[in-house]
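Chains A and B supply the protein sequences, listed in that same order. First residue of the first sequence? That's 0 in numbering that gives the first Met the number 0, and the numbers climb one at a time after it. First residue of the second sequence? That's 0 in numbering that gives the first Met the number 0, and the numbers climb one at a time after it. Heads up, the beta-carbon is just placed ideally off N, CA and C, and yes, glycines get one too. Since the structure comes first, as structure tokens, the remarks are kept for the end.
Protein chains: 2
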Amino acid sequence: MRISELSRRSGAPVTTLKYYLREGLVHEGERRSGNQTDYDESHVQRVRLVRALLDTGGLSIAAARRVLATLDADDRSMADTFEAAQHAMTDGRAHHEASDAARRRVAALAGAQGWRTTPDNPGFDLAARVLDDLAAIGYEPSDAYLDAYAAAADRIARADLAALTDRESPALAAELMVVGTVVGDALIAGLRRLAHQEATAELFPTTGDAHAAPATHATQRKDLP
Amino acid sequence: MRISELSRRSGAPVTTLKYYLREGLVHEGERRSGNQTDYDESHVQRVRLVRALLDTGGLSIAAARRVLATLDADDRSMADTFEAAQHAMTDGRAHHEASDAARRRVAALAGAQGWRTTPDNPGFDLAARVLDDLAAIGYEPSDAYLDAYAAAADRIARADLAALTDRESPALAAELMVVGTVVGDALIAGLRRLAHQEATAELFPTTGDAHAAPATHATQRKDLP
Numbered sequence: 000m001r002i003s004e005l006s007r008r009s010g011a012p013v014t015t016l017k018y019y020l021r022e023g024l025v026h027e028g029e030r031r032s033g034n035q036t037d038y039d040e041s042h043v044q045r046v047r048l049v050r051a052l053l054d055t056g057g058l059s060i061a062a063a064r065r066v067l068a069t070l071d072a073d074d075r076s077m078a079d080t081f082e083a084a085q086h087a088m089t090d091g092r093a094h095h096e097a098s099d100a101a102r103r104r105v106a107a108l109a110g111a112q113g114w115r116t117t118p119d120n121p122g123f124d125l126a127a128r129v130l131d132d133l134a135a136i137g138y139e140p141s142d143a144y145l146d147a148y149a150a151a152a153d154r155i156a157r158a159d160l161a162a163l164t165d166r167e168s169p170a171l172a173a174e175l176m177v178v179g180t181v182v183g184d185a186l187i188a189g190l191r192r193l194a195h196q197e198a199t200a201e202l203f204p205t206t207g208d209a210h211a212a213p214a215t216h217a218t219q220r221k222d223l224p
Numbered sequence: 000m001r002i003s004e005l006s007r008r009s010g011a012p013v014t015t016l017k018y019y020l021r022e023g024l025v026h027e028g029e030r031r032s033g034n035q036t037d038y039d040e041s042h043v044q045r046v047r048l049v050r051a052l053l054d055t056g057g058l059s060i061a062a063a064r065r066v067l068a069t070l071d072a073d074d075r076s077m078a079d080t081f082e083a084a085q086h087a088m089t090d091g092r093a094h095h096e097a098s099d100a101a102r103r104r105v106a107a108l109a110g111a112q113g114w115r116t117t118p119d120n121p122g123f124d125l126a127a128r129v130l131d132d133l134a135a136i137g138y139e140p141s142d143a144y145l146d147a148y149a150a151a152a153d154r155i156a157r158a159d160l161a162a163l164t165d166r167e168s169p170a171l172a173a174e175l176m177v178v179g180t181v182v183g184d185a186l187i188a189g190l191r192r193l194a195h196q197e198a199t200a201e202l203f204p205t206t207g208d209a210h211a212a213p214a215t216h217a218t219q220r221k222d223l224p
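Put into structure tokens, the structure is as follows:
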């Protein structure tokens with residue numbers, strides 16, 4: 000297919016496709032006679048994957064390139080692919096270092112859940128910096144607060160891993176592992192915002208008139224966002 | 000205090016402080032005679048808050064400014080502040096539109112959890128785009144997968160709201176609501192990475208030699224990340 004057809008099939012504008020090709024995120028098409036280049040199904044799939052990583056996952060071009068490289072390398076193990084996906088979202092993000100106290104608390108939390116982790120797991124720094132941020136505004140999170148987060152993380156992680164076993168081949172499982180790791184953060188962030196609205200309505204009932212009843216929301220087509 | 004002392008207290012370099020001041024994220028200090036400007040505790044607090052929003056939360060300057068404006072306005076209700084925080088992370092992020100089918104599935108998921116939501120909740124689009132991304136790589140999430148995410152989101156949201164009631168004043172509760180909404184995404188993302196390592200170790204036991212036993216991790220000081 001031509002680039003215009005690739006654009007139509009993948010939903011990405013032609014200028015975006017040219018950008019992806021120039022940045023090496025999408026493999027070149029086959030050059031034909033004249034000025035024409037041919038693309039195939041593998042390009043459609045790849046463009047969709049790149050969009051998921053960049054748009055929904057919010058990855059930088061450099062981070063997306065690293066993640067895609069592990070998917071493209073035939074000799075990478077599942078564990079290597081997993082590690083690349085784990086680091087993708089946190090690499091290159093400007094940030095201050097987490098305090099030792101916050102890291103210790105996260106390590107204790109992981110230990111209490113029985114998680115076997117390695118110190119280089121980017122989750123330690125990410126979670127510990129949140130504790131520092133909360134401390135900076137004078138909030139010391141209770142054990143109940145952190146336990147709720149840890150239990151939720153445990154539940155999600157099990158669902159993520161169970162999903163991998165549904166895939167027909169190791170290559171497809173690796174692809175889902177990468178995309179799932181990156182966009183799963185957005186899924187829980189989105190659902191958390193929906194759940195917040197319910198929890199806020201309970202806590203501050205004065206805003207209640209703006210809320211639809213749950214039953215109508217799932218059934219009335221024109222009420223959908 | 001002088002700007003050098005504000006830098007030491009807040010942990011932000013002087014150039015960063017000047018940038019925050021210029022962008023209007025931090026209020027001006029009091030001009031003294033000569034070339035000197037005085038800062039106080041309110042500046043220390045504000046700089047820490049700005050860093051949490053920008054660094055850990057990954058907000059743009061524009062999004063942080065909008066969120067801070069709702070905190071600064073005396074006449075804003077808790078519900079207004081909440082809405083501003085809800086939208087902060089999703090505003091201005093370049094993305095494609097979610098499909099109707101994905102939105103319907105998210106609406107059904109929210110309905111099944113009994114969440115009262117409004118169609119403008121940014122969580123709908125955020126979560127629905129993830130479903131589209133997964134569909135783009137040929138993965139149709141099972142009900143069990145989505146239910147696990149929704150149940151986790153429900154649990155986290157309740158913990159978030161319970162934390163607000165610990166705060167001594169409405170102003171402090173509003174501050175926690177904003178920071179918690181923004182950095183809470185990073186907290187669950189970090190813990191999810193730690194939980195993934197455990198779940199992956201169970202699924203791919205060959206990588207097991209790299210993992211420490213849970214008990215040692217929480218107790219051995221030098222093993223901490």
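Selection F81(A), D153(A), R50(A) and V181(A) evaluated against S9(A) yields R50(A) as nearest (Cα-Cα). Inclusion of S98(A) and D146(A) in the CB contact set at 8 Å is not warranted, their separation being larger than that value. If you check the CB distance, V177(A) and L70(A) come in under 8 Å.
In this structure N34(A) is exposed. Its beta-carbon is surrounded by fewer than 16 other beta-carbon atoms within 10 angstroms. For E174(A), the residues of chain B that pass the 8 Å Cβ criterion are I136, in the order they occur in the chain.
Among the residues of chain A, those whose CB is under 9 Å from the CB of V182(B) are R128, V129, D132 and L133, following chain order.
Taking 8 Å as the upper bound for CB-CB distance, A106(B) and F123(B) are in contact here, some 7 Å apart.
Straight-line measurement puts the Cα of V66(B) at about 10 Å from the Cα of D79(B). Counting C-beta pairs with one atom in each stretch, the segment 159-173 of chain A and the segment 127-143 of chain B have three or more that are closer than 8 Å, which means they touch. Contact between A84(A) and T14(A) does not hold, since the beta-carbon distance rounds to 28 Å and is not under 8 Å. A126(B) is a Cβ neighbour of G189(A), given a cutoff of 8 Å. For a Cβ distance threshold of 8 Å, nothing in chain B lies close to N34(A): the least Cβ distance comes to about 29 Å. Using a CB distance below 9 Å, the part of the segment 51-67 of chain A facing chain B consists of A51, L52, L53, D54, T55, G56 and G57, ordered along the chain. Counting every other CB atom within 10 Å of its CB across the protein chains shown gives G110(A) a total of 16 or more, marking it as buried.
Close to R154(A), with beta-carbon spacing below 9 Å, are these residues of chain B in chain order: A147, Y148, A150, A151, R154 and A194. The continuous alpha helix (DSSP H) containing D124(A) extends over residues P121 to A135. For Q196(B), the enclosing alpha helix (DSSP H) has its first and last residue at P169 to L202.
Here D37(B) is bridged, per DSSP, to E29(B). Taking a 10 Å sphere around the C-beta of G113(A), we find fewer than 16 other C-beta atoms and assign the residue as exposed. At a cut-off of 8 Å, the C-beta of I2(A) has no neighbouring C-beta in chain B. In this structure, DSSP gives R115(A) a state outside helix and strand, which the three-state scheme calls coil. From the listed residues P169(B), A11(B), R30(B) and A200(B), the smallest Cα separation to A72(B) is found for P169(B). Residues A11, V25, V46 and V49 of the same chain have their beta carbon placed closer than 8 Å to that of Y19(B), with the five preceding and five following residues left out of the count. From the beta-carbon of L48(A), the residues of chain B found nearer than 9 Å are D132, A135 and I136.
Near chain B, meaning a CB-to-CB distance below 8 Å, the residues of the segment 95-118 of chain A are H95, D99, R102, R103, V105, A106, A107, L108, A109, G110, A111, Q112, G113, W114, R115, T116, T117 and P118. The Cβ of P121(B) sits closer than 8 Å to at least one Cβ of chain A. Listed in chain order, the non-local C-beta contacts of E22(A) below 6 Å within the same chain comprise I60, local neighbours out to five positions each way being set aside. Nearest neighbour of R31(A) by Cα position, chosen from T199(A), R104(A), S6(A) and M0(A), turns out to be M0(A). Proximity to E197(A) across F81(B), E29(B), Y38(B) and L5(B) peaks at F81(B), based on C-alpha coordinates. Under the three-state reduction of DSSP output, A11(B) falls in the coil class, being neither helix nor strand.
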